[in-house]
Amino acid sequence: MKGVIFSEMIRWVEECLSPAVADRMITGANLPNEGSYTSVGSYPHQEALAMMGQLVEITGRPAHDLCHDYGYWLATRFVQLYPQMFNGYTDALTLLRDIDNKHNTEVVKLYPDARTPAIIASVDGEDLVISYASHRPFADVAWGLVHGYIAYCGQTAQYIVTRDETTPGPHAARFVINRA
Ligand code: HEM
Numbered sequence: 001m002k003g004v005i006f007s008e009m010i011r012w013v014e015e016c017l018s019p020a021v022a023d024r025m026i027t028g029a030n031l032p033n034e035g036s037y038t039s040v041g042s043y044p045h046q047e048a049l050a051m052m053g054q055l056v057e058i059t060g061r062p063a064h065d066l067c068h069d070y071g072y073w074l075a076t077r078f079v080q081l082y083p084q085m086f087n088g089y090t091d092a093l094t095l096l097r098d099i100d101n102k103h104n105t106e107v108v109k110l111y112p113d114a115r116t117p118a119i120i121a122s123v124d125g126e127d128l129v130i131s132y133a134s135h136r137p138f139a140d141v142a143w144g145l146v147h148g149y150i151a152y153c154g155q156t157a158q159y160i161v162t163r164d165e166t167t168p169g170p171h172a173a174r175f176v177i178n179r180a
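Residue 108 in full-length UniProt numbering sits at position 108 of the sequence shown, and the numbers go up by one each step.
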């Protein structure tokens, strides 16, 4: 997985918890590179799971909450990192519909060896359904990203997002979005 996902995870912990917690997380996870990731490098996603495991121990919070919070934070961080990808979007649903295309074109242009997850949008009656599928187990991060983009567009009060709990995680998920 691309280093940007790891380095931003460390940044999230530094900003939202503390630099000391980030240090403990990195040390406890026994990372081969001691937490120095370059955004274009590729690293085993198990290293992110090892950091998350440490964070569960340090904070006492469940992994699914922590992953969601990371995804939520990452949504606006992506806007800072890649502003050109967000030009002209005012509606979260329009943006979310375009993510698979962005992953497969703009993200792959930046990181040619990226293996992005499938983020497929489909209309089901009045609902928009966003499906996540990946060989990596990050459905909770995707859940946070969906909430994060709705918040970024200032539409938290406008849309209700429900997660289809019948979909077995963490490699797949379905998020159903409808008007409040
Ligand atoms: C324009 C906005 C976005 C950008 C720039 C972006 C970019 C990226 C990049 C660079 C990666 C790393 C790929 C790799 O390591 O091979 C990634 C992975 C990922 N993306 Fe996105 N992404 C965006 C939006 C989203 C959204 C809205 C979702 C969820 C609905 C999402 C879900 C994920 C997840 C969960 C991963 C982790 C890898 C995996 O699960 O397979 N992304 N994204």
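We put the CB at the ideal spot given by N, CA and C, even for glycine.
query: Compute the Euclidean distance between the alpha carbons of C67 and E126, then round it to the nearest angstrom.; result: 29 angstroms
query: Jot down the residue ranges of each uninterrupted beta strand (DSSP E) in the UniProt domain "Heme NO-binding" (2-154), minimum 3 residues, whole runs only, in chain order.; result: 118-124 and 127-133
query: Between L128 and A142, what straight-line distance do the alpha-carbon atoms span, to the nearest angstrom?; result: 15 angstroms
query: Which term fits S134, buried or exposed, when burial requires 16 or more other beta carbons within 10 angstroms of its beta carbon?; result: buried
query: Rounded to whole angstroms, what is the Cα-Cα separation between P170 and Q84?; result: 30 angstroms
query: Beta carbon of I177: closer than 7 angstroms to some heavy atom of the ligand HEM?; result: no
query: Any contact of the segment 71-90 with the segment 146-157, i.e. 3+ C-beta pairs under 8 angstroms?; result: yes
query: Does A180 come out as helix, strand or coil in the three-state DSSP assignment?; result: coil
query: Helix, strand or coil: how does DSSP classify A157 here?; result: coil
query: Distance check for A121 and I5, CA to CA, integer angstroms please.; result: 23 angstroms
query: Keeping to the same chain, check which residues put their C-beta closer than 7 angstroms to that of Y37; ignore five residues upstream and five downstream.; result: G3, F6, S7 and Y43
query: To the nearest angstrom, how far is the alpha carbon of K102 from that of A172?; result: 19 angstroms
query: Determine the direct distance from the alpha carbon of L110 to that of V176, and round the result to whole angstroms.; result: 30 angstroms
query: From the DSSP secondary-structure annotation, give me the bridge partner or partners of T166.; result: Paired residues: none, contrary to the question.
query: What whole-angstrom Cβ distance do A114 and D100 have, given they're in contact under 8 angstroms?; result: At roughly 13 angstroms, the Cβ-Cβ gap does not stay under 8 angstroms, so A114 and D100 are not in contact.
query: Check whether the segment 55-64 touches the segment 89-98, counting contact only when three or more Cβ pairs, one atom from each stretch, lie closer than 8 angstroms.; result: no
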